[in-house]
Amino acid sequence: MAFWKRKTNIEKERHVKANDREYNAKFSYADNSIKTSKYNIFTFLPLNLFEQLQRVANAYFIVLLILQLIPQISSLSWFTTIVPLVLVLAITAVKDAMDDFFRHRSDQQVNNRQSQVLISGSLQNEKWMNVHVGDIIKLENNQCVAADILLLCSSEPYGLCYIETSELDGETNLKVRQALTVTSGLADISQLLEFDGEVICEPPNNKLDKFTGTLFWRDCKYPLDNEKMLLRGCVLRNTEWCFGMVVFAGLQTKLMQNCGKTMFKRTSIDRLMNTLVLWIFGFLLCLGVILAIGNTVWESLVGKDFRVFLPIDDSHTNAVFSGFLTFWSYIIILNTVVPISLYVSVEVLRLGHSYFINWDRKMYFGALDTPAEARTTTLNEELGQVEFIFSDKTGTLTQNIMVFSKCSINGQTYGDIYDEFHQKVEITEKTACVDFSFNPLRDTKFRFYDGSLVEAVKQEDPLVQEFLRLLALCHTVMPEEKSEGHLVYQAQSPDEGALVTAARNFGFVFRARTPETITVFEMGQPVTYQLLAILDFNNVRMRMSVIVRTPLGQIKLYCKGADTIIFERLAVSSLELMDITSEHLSEFAGEGLRTLALGYKDIDEDYFKVWMKKYLFASTVLENREDQLAALYEEIEQELKLLGATAIEDKLQDGVPETIACLNLADIKIWVLTGDKLETAMNIGYSCNMLRDDMDEVFIISGNTQLEVQQQLRSAQEHILGLSRVSSAAYVEKTDKQLNPDSVFEEAIISENALVINGNSLAHALDPGLKLVLLDVACLCKSVICCRVTPLQKAEVVELVKTHKKVVTLAIGDGANDVSMIKTAHIGVGISGQEGMQAVLSSDYSFAQFRYLQRLLLVHGRWSYFRMCRFLHYFFYKNFAFTLVHFWYGFFCGFSAQTVYDQWFITLFNIVFTSLPVIAMGLFDQDVNDRNSLRYPSLYKPGQMNLLFNKRQFFLCTLQGLGTSFLLFFIPYGAFSVLLQEDGSNVSAQQSFAVTVATSLVIVVSVQIGLDTHYWTAINHLFIWGSVAVYFAIIFALQSNGIFGVFTSYFTFVGTSRNSLSELNVWLVILLTTVVCVVPGLVVSFLRIDLFPTQTDKVRHLQLRQRQDPQEQSLRRVRRTSSRRSAYAFSHQQGYGELITSGKNMRRSTICTVPSAGHSPQKSNWFENVLQRKNEVACAPEENTECLDNGNKAKEMTERQADKALSLT
């Protein structure tokens, strides 16, 4: 084996012995220190320079600097390149150093945390960085877990402890862990010191929900799984203390293993700039070749005549070699076409745009004291080019705060209120709620408006009581009583919390639980039920059950789950009630509520004993354990008696329908990717206007095989294309033009459709042979909803669109399950919601409410894109105008690579004389204000089509710069050939010509940026006119007698500016040059706006005419009535019930649903669709203004608006 190939030891399994550092040291396991910093004091300078020189631009300027050090080819002094280069490298190095300093400080803060470690017979405080694998450490309540540890014992009974895992998975609900029975009694220090068990387990990995290992102790083996582990990043809650043995430490913990490198995101502007730099370099080479050929010809024909009085070395007598040297000389001179200051200026602009987002008070959410935050500075202009938004539902579109809204018990609905005429009354904030003062253990925040349910409870209706008893018993909620009567429920999901809280307020208060009992206060009387078994939820069962023994000795099974699942298991006696309850469920679903069916059964004692033996045996087998348990669950969950159903409301966040409507008007497509079931997701889609009753078709893809999914997708595609062609037949006959079937845009105008697909079908649709069909069909639809999707599927959908559509994508979510798609999309947005901060920590931008996305894109995103494009256009223009003067001058100086300007002017032009005005434009300019940006969402479209700065715009600004450089050179050149000074002598000195051209250049580019500025601020005035004043101050100083006396060889233009600029004729030349350079562009701009105005020009014209805000269009929300079925979406973890009885706790999962029948809404005609596409609709930024869906806008259009739309068609 070659010496450079280092043999790496791959850890296949880990051996860890408790309290034996010497044994564990043999394996060289990682210590518990972490390091996220990149440099130290010795490596910073070389490593940072190495990283910066990997950037093409920096390496390019280093090469130029080397060329400038060669006297034979350099016409410029070394400082013209090294000064800006050092400045840029220094600024970047300081920024990198500060970032790394904060990383060092964060690392030290974590590594220096204190932990109690069992060393030398006693507990000693040690820093986290000094904890080793095999150590036994003690944790106390509210302490963070220092490493991945095996739980040995705790202060709670049965070795239980409670942890919060928001740092790992974003979930703030408490989870339970339980120690092995054999170690749960090791509560004494002396016993822990004698503990010498050895753990053999899997090697370090990033699987947060899985751990496989075995504990060998006292000649016995004990299986270990994830429910015995406390992972680094967790926080101990509601547990006085616990002890654990370190298994993984430091960088080998699962938390650190999951801290992979975030995908580097670059904007389309960055990619375009890289292409343009290559183009410019090619253009530079062409200019160098032209001038080199010119030098060769000149030397051959004319140069020999100069050797009499300009003698040169013999080595330069070869004309071809002279041309070769001239080529490199001009490469050096013309390199300022791409100045290094460009990259610094771009970073300054992006930083400024990020601060504008952070400072925007209209994106501040006071209820949570949460401002918007730009967590990256590199993607701001990309916000102005988004075409696809991928959104989570729960917690993103909705509040993820579940409210018990209605229920159905024994065929009777509760939750609605009626007036004296038996008409349903709409519930508002002013509606009086039920008085629960009879219950001292009530939750004062709970609201319910139908008093008949309370009356039924007080009258001791047995079925109502059994219904509430089921809610109080069948769950996995953990109670915490902070003071007498002050109960706090730690629920795995808001759904379960809402149901248990409802039972609590109606008099069935879940008060306490142990692994063997559940205590409920029923109408004030404590009742303790023996917990015999929990038949836990999983995504196949879609239900959970508990088996309890009542104080009277009866054995009962209580079950809750999806209605379709419960109905399949009902006894014959409940079939009539099932039909009534099913109608109620449809009513609840039509209102977008999350529903759940409830049932129970009495179990015979003898039968239960036999079943329990099978259950205990199946719980301990190693092979096919889950299948055997599932079969036992299925056996006992039969012949249920139906009790009723619950309906929980997951309210939409404020402004969601209006935000989606306005984003749709900006041609931004919104896809919802959610883990909820199909019916629930569809009802939320209707609530937020993504789905509408006037859509042509809502396609539901629910195939169970790849062939079925393919057939459904093909059928949908053919239906959309066929319907579009039929609908447009009359129009085609009139225009005698054939519609292009491949034009998605035209198809979308003619018909509006929606696509809904579940997770199982999506798995087939994402197959390599079918995913492009899925993409084609989805892009033909107005709205797309993917339900029951996994986090990985979310990322795959985003990647599919990102890869094949070549458009800018944005993903927005609030939970840990959204992290994958947030990292995959071009732009990731995290919402600070109810599911922790994991999504925010992985995001590029964050805020508290979905409605702020409208302002982020339509205002900040559009402004950032507009400003960056204006900045680049002007920057390239001024540098072409500045640099190409040397090209024209080459034809009059024998192609000798002599510079037109003073070398100090070349050095300072981009970093002093013209840097601040263009930065001010890039920071503060705006074509229309924020109010009109929101009112006219279609202003966003130029960014999507990349119209403001592209290769064509670059070519135009190149031509403009080329023309300006031509005028800058030849007007003064022509004038100087005939110009006389006041004393009658010719003004023909090269230095005077250089000062005149330089002065004209500074004034021209300053006037041009003034004319191009749309929005003036005091800073713009200061930077533009101040830069002109600074120019004159500096050139007079640099060309003064005093500085020449000190640095004679560096400042050769002594007295030139003073002498030249004192001549009136020179000023007339400067004025003429300025006017001739500026007027053509001004005329073209005027004619373009007058003859071919863009929508932005029209809005700016209206904005200038407005003296007060326009009257807002009165818009109303259209309520929808539907009989669509919804269902309760389980969002709690599989295995949590088993954990309560035996300490097991498995990962969060979702359930699959049976898709509902297709939807056949009424059709809108073609003319209305054209109108709704063409008509401008106002979407004001005020929160109380609502945007209707497109179909309703077309129908409510006034005669005047319709006439305007017709004229546009």
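Following my numbering, the numbering of the sequence shown begins with 8 at its first residue and continues without gaps. Glycine residues also receive a C-beta, built at the ideal position from the N, C-alpha and C atoms. This one's a predicted model, so the numbers in the text were calculated from it and none came from an experiment.
- In the structure shown, the three-state DSSP call for Arg120 is coil.
- Taken in chain order, the region 101 to 172 contains no complete alpha helix (DSSP H) segment of 4 residues or longer.
- Fewer than three beta-carbon pairs drawn from the region 645 to 664 and the region 379 to 391 are found closer than 8 Å, and the two stretches are therefore not classed as touching.
- Bounds of the beta strand (DSSP E) holding Trp224 are 220 to 224.
- In the three-state reduction of the DSSP assignment, Ala505 falls in the helix class.
- As for any beta strand (DSSP E) of minimum length 3 sitting wholly inside the region 563 to 634, the runs are 601 to 610, ordered along the chain.
- For Met875, the uninterrupted alpha helix (DSSP H) run begins and ends at 869 to 890, by DSSP.
- Considered as a whole, the region 445 to 525 harbours 485 to 490, 493 to 497, 515 to 520 as its complete beta strand (DSSP E) runs of no fewer than 3 residues, in chain order.
- When only Cα atoms are considered, Arg518 and Leu448 end up about 9 Å apart.
- Annotation: Asn711 is outside any beta strand (DSSP E) and is labelled neither H nor E by DSSP.
- By the C-beta density criterion, Val579 is exposed, having fewer than 16 other C-beta atoms within 10 angstroms.
- Excluding residues up to 5 positions away in sequence, nothing lies with its Cβ nearer than 6 Å to the Cβ of Val985 in the same chain.
- Cα atoms of Leu649 and Arg601: separation of roughly 18 Å, rounded to the nearest angstrom.
- Following the DSSP letters along the chain, one finds Ala761 inside the beta strand (DSSP E) bounded by residues 760 to 765.
- The closest CA to that of Ser552, considering only Val516, Ala637, Thr508, Leu279, is found on Ala637.
- When the Cα atoms are used, Glu583 and Gly606 turn out to be separated by approximately 14 Å.
- When secondary structure is reduced to three states using DSSP, Asn212 falls in the coil class, being assigned neither helix nor strand.
- Taking 9 Å as the cut-off, the beta carbon of His139 is found no closer than this to the beta carbon of Arg239.
- DSSP, read as helix, strand or coil, puts Ala904 in coil.
- Here the alpha carbon of Asn512 sits roughly 17 Å from the alpha carbon of Ser415.
- Judged by their CB atoms, Met370 and Val23 are not nearer to each other than the 9 Å cut-off.
- The DSSP-derived three-state label of His811 is helix.
- Per DSSP, the beta bridge partners of His22 are Ile207.
- Asp821 and Gly682 have their C-alpha atoms spaced approximately 13 Å apart.
- When only Cα atoms are considered, Tyr908 and Asn936 end up about 41 Å apart.
- As the crow flies, the alpha-carbon of Leu1094 is around 48 Å from that of Lys400.
- Nearest in C-alpha terms to Arg869, of all of Ser940, Ile1026, His726, Gly929, is Ser940.
- Rounded to whole angstroms, the separation of the alpha carbons of Leu963 and Ile1077 is 25 Å.
- Here Leu773 really is in contact with Glu803; their C-beta atoms are around 5 Å apart, less than 8 Å.
- In this structure, the beta-carbon distance from Asp1019 to Tyr881 falls below 9 Å.
- Ser853 carries a strand assignment under DSSP once its states are collapsed to helix, strand and coil.
- Across the structure, Val808 and Thr508 are spaced so that their CA atoms are roughly 42 Å apart.
- Met551 has Lys567 as its beta-bridge partners, per DSSP.
- The count of Cβ pairs closer than 8 Å, one atom from the region 515 to 535 and one from the region 482 to 493, reaches three, so the stretches are in contact.
- Excluding residues up to 5 positions away in sequence, Ala888, Leu891, Val892 lie with their Cβ nearer than 6 Å to the Cβ of Ser972 in the same chain.
- For Phe331, the uninterrupted alpha helix (DSSP H) segment begins and ends at 326 to 340.
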